[in-house]
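Enquirer:
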Amino acid sequence: MDLDVVNMLVIAGGMLAIPILAFVASFLLWPAALIKVYYWYWRRRLGLQVDYAEHEGYRFCYTHRGKPGSKPSILMLHGFSAHKDMWLGMVKFLPTNMHLLCVDMPGHGGTTRTSAVDYTIEAQVKRIHQFVECIQLNKKPFHLVGTSMGGNVAGVYAARYPSDLCNLTLICPAGLNHPEESTFVKHLRDLEKTKDVSSIPLIPSTPEEMEEMLKLCSFVRFKIPQQVLQGLVDVRIPHNDFYREVFTELVREESRQSLHENMHLISAPLQVIWGKQDQVLDVSGASVLAEALPGCQVDLLDNCGHSVAVERPRKAAQLILDFINRQQNSGIRSNKKLS
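Take 69 as the starting number for the sequence shown in our numbering and just add one per residue.
(1) Going by DSSP in three states, residue 391 sits in which element: helix, strand or coil?
(2) Determine the DSSP secondary structure at residue 214, reduced to helix, strand or coil.
(3) Taking the continuous beta strand (DSSP E) assigned at residue 117, which residues delimit it?
(4) What is the C-beta distance between residue 352 and residue 248, in whole angstroms, given that I count them as a contact (C-beta under 8 Å)?
(5) Let me make sure I understand the geometry here. Which of 313, 283, 316, 279 has the alpha-carbon closest to that of residue 299?
(6) Could you give the C-beta distance for residue 121 and residue 202, rounded to a whole number, given that I count them as a contact under 8 Å?
(7) Can you check the segment 155-218 for any beta strand (DSSP E) of at least 3 residues that lies completely inside it and give the ranges in chain order?
(8) For residue 173, tell me which candidate among 184, 150, 162 has the shortest Cα-Cα distance.
(9) Looking at C-beta atoms only, is the number of pairs between the segment 303-316 and the segment 105-116 that lie closer than 8 Å three or more?
(10) Based on the DSSP secondary-structure assignment, which residues constitute the bridge partners of residue 132?
(11) Taking 7 Å as the limit between beta carbons, can you name the residues of its chain near residue 285, skipping five residues before and five after?
(12) Give the DSSP-derived three-state secondary structure of residue 350 in the structure shown.
(13) Does the beta-carbon distance from residue 139 to residue 392 come in below 8 Å?
(14) In whole angstroms, what separates the C-alpha of residue 228 from that of residue 260?
(15) Would you call the CB atoms of residue 132 and residue 119 closer than 8 Å?
(16) Based on the DSSP secondary-structure assignment, which residues constitute the bridge partners of residue 126?
(17) Decide if the segment 219-226 is in contact with the segment 177-186; the criterion is three or more beta carbon pairs, one per stretch, under 8 Å apart.
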């Protein structure tokens with residue numbers, strides 16, 4: 069073989085080896101950085117832009133895609149200790165021409181971190197309303213989606229600011245008095261007796277605790293490499309004291325059942341989505357909302373736990389789209405009858 073060709077092959081092989089070795093080194097040595105790159109990549113792939121909105125020195129970080137159109141804009145509120153990128157799996161299955169916004173909840177992600185007084189459910193509702201007004205999202209009624217802690221906030225928001233919303237979707241929302249206790253709530257009762265705030269299952273500090281948290285939150289068993297688990301922990305550890313502060317506020321009397329206390333004030337058409345195998349917040353909460361608000365639509369998902377947006381993103385996205393279309397069609401029919 070010609071020596072020049074050999075040299076070219078060696079050089080080409082070397083050029084290919086460099087990015088491969090860099091990837092392997094990143095995976096082994098800096099898994100947390102790789103996870104951040106992963107989120108950046110998917111935001112770019114899905115056409116989501118990161119933006120900021122300010123209100124009297126308080127900064128909200130959010131991603132958005134599309135512009136307001138004939139269908140309502142969708143604002144998505146994530147759960148405790150998560151961030152706006154948790155919705156990426158669902159965004160993938162939503163139309164690219166829909167106006168979507170995913171905001172970091174108070175103190176989470178890139179949104180301003182202040183003090184404990186900002187992390188009660190009522191305080192978070194006020195902050196989200198500031199965000200909505202800041203970007204003028206409520207010029208036209210929008211569809212609000214919230215999961216877990218974000219579901220609690222979304223439900224109370226609907227009770228406080230009914231004119232802002234056209235529809236509401238609650239996914240495994242917190243803040244209810246459940247007929248049946250979940251595995252997680254039973255564990256919390258044990259923690260209340262010991263006063264041990266260092267072993268809250270939703271605030272892991274080791275790869276092993278992270279794996280247990282994922283098992284608690286998800287019915288689907290994902291095979292996650294040890295290095296990825298380590299990366300997930302590394303990303304969270306600097307924020308664990310903050311998460312404990314937020315969690316302490318969420319389980320106080322004024323926040324623990326705030327959705328339950330306000331659900332009778334919800335007037336927007338309501339959709340409830342819940343995983344039947346939810347171990348964090350028992351699926352019996354769906355019946356509580358259905359009894360209080362008889363017109364609500366309840367969708368229970370088989371083989372699904374608490375992390376609906378991660379476990380069943382396609383199904384959840386389709387259910388929300390169907391619900392929006394149904395509400396729009398019923399509104400059109402009502403207007404025709406009035407005419």
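Think of the CB as a built atom: it goes at the ideal place given N, C-alpha and C, for glycine as much as any other residue.
Expert: Here's the rundown:
(1) In the structure shown, residue 391 sits in a helix (DSSP, three-state: H, G or I).
(2) When DSSP states are grouped into helix, strand and coil, residue 214 belongs to the strand group.
(3) DSSP places residue 117 inside the beta strand (DSSP E), whose first and last residues are 117-123.
(4) Residue 248 and residue 352 do touch by the CB rule: their CB atoms are close to 4 Å apart, below 8 Å.
(5) The candidate whose alpha carbon is nearest that of residue 299 is 279.
(6) Yes, residue 121 and residue 202 are in contact; Cβ-Cβ is about 4 Å, under 8 Å.
(7) As summarised for the segment 155-218, the continuous beta strand (DSSP E) elements at least 3 residues long and confined to that stretch are 168-171, 210-215, given in chain order.
(8) Minimum Cα distance to residue 173 is reached at 150.
(9) No: fewer than three Cβ pairs fall under 8 Å.
(10) Partner(s): 117, 169.
(11) In chain order, 348, 373, 374, 375 place their CB closer than 7 Å to the CB of residue 285, counting only its own chain and leaving out the 5 sequence neighbours on each side.
(12) In the structure shown, residue 350 sits in coil (DSSP, three-state: anything other than H, G, I, E or B).
(13) Yes, Cβ-Cβ distance for residue 139 and residue 392 is below 8 Å.
(14) Roughly 31 Å between the two C-alpha positions.
(15) It is a contact, given that the beta carbons lie within the stated cut-off.
(16) In DSSP, residue 126 forms a bridge with 123.
(17) In short, these stretches do not touch, since the Cβ pair count stays below three.
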